[in-house]
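Taking it in order: structure first as structure tokens, then the write-up.
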Amino acid sequence: MTLPLAPPVAHRAEGFLFGRYRTPIANPLFPFRIGDRWRLKEWHYSSVATPELFLAFGLVQLGYASNLFLYAIDRTTGQALELEDTLPGGAGLALAPSSVRGTTEWRLSGQQIRIDYDRGWDITLAVRFRSGEKLAARFRLEPVDALALLHDLGGGRPAYTHKAAAMPASGTAVLGGRTFDLGGGLGVLDWTRSRAKRETIWKWASFASRQGEHDLGLNLSADVYEDAQGVSQENAYWVDGAVHPLGHVDFELPPEGRHATHPWKLTGEGVDLVFEPAGARAQRLDLRLIRSTFVQPYGTFHGRLADHVVDGAFGVVEDHESLW
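Heads up: the sequence shown begins at 602 in my numbering, then just goes up one per residue.
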């Protein structure tokens with residue numbers, strides 16, 4: 602199945618242009634609605650994986666607060682470093698108007714992250730982890746086919762997401778005095794703007810990995826962007842930059858409390874994968890009117906993806922529940 606090219610905008614006079622596309626929507630702005638200050642949720646997530654290093658970060662605008670998280674995994678030693686910061690009222694974060702236009706930047710609390718779009722994503726990281734170790738990285742992620750989805754959440758709530766995986770990377774990262782070459786690595790992008798439901802849940806799986814002679818990427822989800830038949834509309838895999846939509850995928854999670862230590866199983870047409878966690882980042886926030894509970898294990902995928910054998914592809918899975 603070949604996805605169509607995206608329209609230049611998300612909304613016209615006749616309404617939203619809901620659908621799946623293989624190119625991003627250049628101007629995914631939504632018509633203003635009273636309450637958007639609190640209901641509109643936006644984020645930019647990127648990761649890059651090499652045989653030696655995995656870096657992942659997210660910049661999240663919640664309306665009532667802004668959030669930064671970043672973690673680095675030295676795959677040669679297993680060392681994991683993490684930082685997170687939350688600021689009230691959206692302070693410190695300026696988000697680009699589109700995944701393919703402008704600059705996104707976090708520059709407060711001693712941490713700096715900047716993403717500039719110029720026919721690709723130029724990313725600069727200058728941060729200090731809780732342990733005191735510093736990370737300085739400059740790298741670029743090249744564009745591949747998009748899985749761009751403009752989805753009707755119901756009740757007049759649109760959601761737009763631009764997913765991409767197996768994006769060729771170049772650049773370097775210096776962590777703890779050691780320099781890592783990111784050339785030959787592969788990246789992931791999740792750029793989302795959503796007039797989200799008050800209660801939102803999702804499950805997610807993602808990787809980008811060189812497997813045999815091919816660059817493979819994966820994006821799977823459940824419980825968030827589903828059609829009337831319960832099929833997630835953002836399920837897809839990438840081979841050497843080309844996107845291929847997938848059908849329904851079942852997430853079989855370990856028992857509560859074991860998400861970060863026991864295997865996850867992902868099965869569906871063209872998908873038969875086991876995820877083996879190596880560690881996890883997690884959050885359990887309860888402010889009565891606002892709650893967020895999630896676990897995001899990182900580790901390796903094994904099994905089959907369409908016609909491809911997957912052996913040790915490094916990535917993440919997530920189980921998320923929010924009242925926001």
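C-beta atoms are modelled at their ideal positions from N, C-alpha and C, and glycine is treated no differently.
Note that the structure is predicted; figures quoted are calculated from it, not measured.
Have a look at residue i and residue j and give me their C-alpha separation to the nearest angstrom.
{"i": "residue 736", "j": "residue 898", "result": "21 Å"}
{"i": "residue 672", "j": "residue 632", "result": "35 Å"}
{"i": "residue 626", "j": "residue 842", "result": "18 Å"}
{"i": "residue 847", "j": "residue 918", "result": "17 Å"}
{"i": "residue 759", "j": "residue 878", "result": "33 Å"}
{"i": "residue 623", "j": "residue 659", "result": "23 Å"}
{"i": "residue 920", "j": "residue 804", "result": "5 Å"}
{"i": "residue 895", "j": "residue 605", "result": "34 Å"}
{"i": "residue 670", "j": "residue 641", "result": "19 Å"}
Confirm, please, whether the CB-CB distance from residue j to residue i is below 8 Å.
{"i": "residue 851", "j": "residue 862", "result": "no"}
According to DSSP, simplified to helix, strand and coil, what is residue i?
{"i": "residue 887", "result": "strand"}
{"i": "residue 722", "result": "strand"}
{"i": "residue 792", "result": "strand"}
{"i": "residue 859", "result": "coil"}
{"i": "residue 640", "result": "helix"}
{"i": "residue 819", "result": "strand"}
{"i": "residue 909", "result": "strand"}
{"i": "residue 732", "result": "coil"}
{"i": "residue 896", "result": "strand"}
{"i": "residue 873", "result": "strand"}
{"i": "residue 710", "result": "coil"}
{"i": "residue 602", "result": "coil"}
{"i": "residue 805", "result": "strand"}
For residue i, tell me which candidate among the options has the shortest Cα-Cα distance.
{"i": "residue 708", "options": "729, 742 and 827", "result": "729"}
{"i": "residue 777", "options": "725, 648 and 654", "result": "654"}
{"i": "residue 844", "options": "747, 643, 893 and 698", "result": "747"}
{"i": "residue 740", "options": "692, 786, 811 and 839", "result": "786"}
{"i": "residue 656", "options": "695, 772 and 602", "result": "772"}
{"i": "residue 807", "options": "645, 692 and 789", "result": "789"}
{"i": "residue 662", "options": "886, 858, 864 and 793", "result": "793"}
{"i": "residue 905", "options": "650, 882 and 872", "result": "872"}
{"i": "residue 718", "options": "887, 875 and 699", "result": "699"}
{"i": "residue 603", "options": "839, 720 and 618", "result": "839"}
Indicate whether at least one CB of chain D lies closer than 8 Å to the CB of residue i.
{"i": "residue 780", "result": "Chain labels in this structure do not include chain D; a single protein chain is all it has."}
If we count Cβ pairs, one from each stretch, closer than 8 Å, do we get three or more for the segment 813-829 versus the segment 662-680? no
Report yes or no: do three or more beta-carbon pairs, one from the segment 762-782 and one from the segment 611-619, lie closer than 8 Å? no
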